[in-house]
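Below: the structure, in structure tokens.
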Amino acid sequence: MKVRSLFSARGLRDRIALIAAAAIALVFIATFARSLIGALDARAAVDRLRNENAALQEQVDALAAERLLLGDRAFLELLARGYGLGSPLEHPFALTADAPELPIDAPGSAARRLATPRVNQSPLERWLEILFGG
17 MKVRSLFSAR GLRDRIALIA AAAIALVFIA TFARSLIGAL DARAAVDRLR NENAALQEQV
77 DALAAERLLL GDRAFLELLA RGYGLGSPLE HPFALTADAP ELPIDAPGSA ARRLATPRVN
137 QSPLERWLEI LFGG
């Protein structure tokens, strides 16, 4: 029975080939991992740019809507009234910050305009109106 020596020519050649194959495999794996990391970074950058584009598009849409509003004659007249540049027939006024709240039944309030007029009726008259119509 022959025992191969660790340092025989064939054993040494096999080990060098194994080490070379392992080194090539490590280089291949490292290169692949580096490419994969680069691809993931590129995808993250594309997603970030896509989100920035969407935000910028929303801002462009908002500015376009504001431009249309600023081109509206009625809006410009309203702004002019705020600076006292309205019609000479208008009487500008302003409420003070500490003005009291108007009562519920103040003239011109919704409660006064939309409410039905109250008629003083006795309970019997109300029941008769409900039962027989009024």
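If you read the sequence shown in the numbering used here, its first letter stands for residue 17, the second for the next number, and so on. The beta carbon of each residue, even a glycine, is placed where N, CA and C say it ideally should be. It should be emphasised that the depicted structure is a prediction, and the values quoted were computed from it without experimental measurement.
Measure the C-alpha to C-alpha separation of residue i and residue j and round it to an integer number of angstroms.
i	j	result
ALA55	ALA61	10 Å
VAL153	GLY124	Shown here, the chain extends from 17 to 150; a query on residue 153 therefore has no answer.
GLU82	ARG59	35 Å
ILE35	ARG66	46 Å
LEU28	ASP57	43 Å
ALA49	ARG31	26 Å
TRP143	GLU117	38 Å
PRO119	GLY98	26 Å
THR47	ARG64	26 Å
Consider the Cβ of residue i: report whether some Cβ of chain B lies at a distance smaller than 9 Å.
i	result
LEU147	Among the chains of the structure shown, chain B does not appear; only one protein chain is present.
Taking 9 Å as the threshold (C-beta atoms), are residue j and residue i in contact?
i	j	result
LEU92	LEU86	yes
ALA96	GLY102	yes
Excluding the five sequence neighbours on either side, which residues of its own chain have a C-beta within less than 8 Å of the C-beta of residue i, listed in chain order?
i	result
VAL43	none
Give me, in chain order, the residues of the same chain whose beta-carbon lies closer than 6 Å to that of residue i; leave out the 5 immediate sequence neighbours on both sides.
i	result
PRO79	Contrary to the premise, residue 79 reads as Leu rather than Pro in this sequence. For LEU79, where only same-chain residues beyond five positions count, there are no Cβ hits under 6 Å.
LEU105	none
ILE146	none
What residue ranges within the segment 36 to 71 form continuous beta strand (DSSP E) runs of no fewer than 3 residues, ordered along the chain? For the segment 36 to 71, not a single whole beta strand (DSSP E) run of length 3 or above is found.
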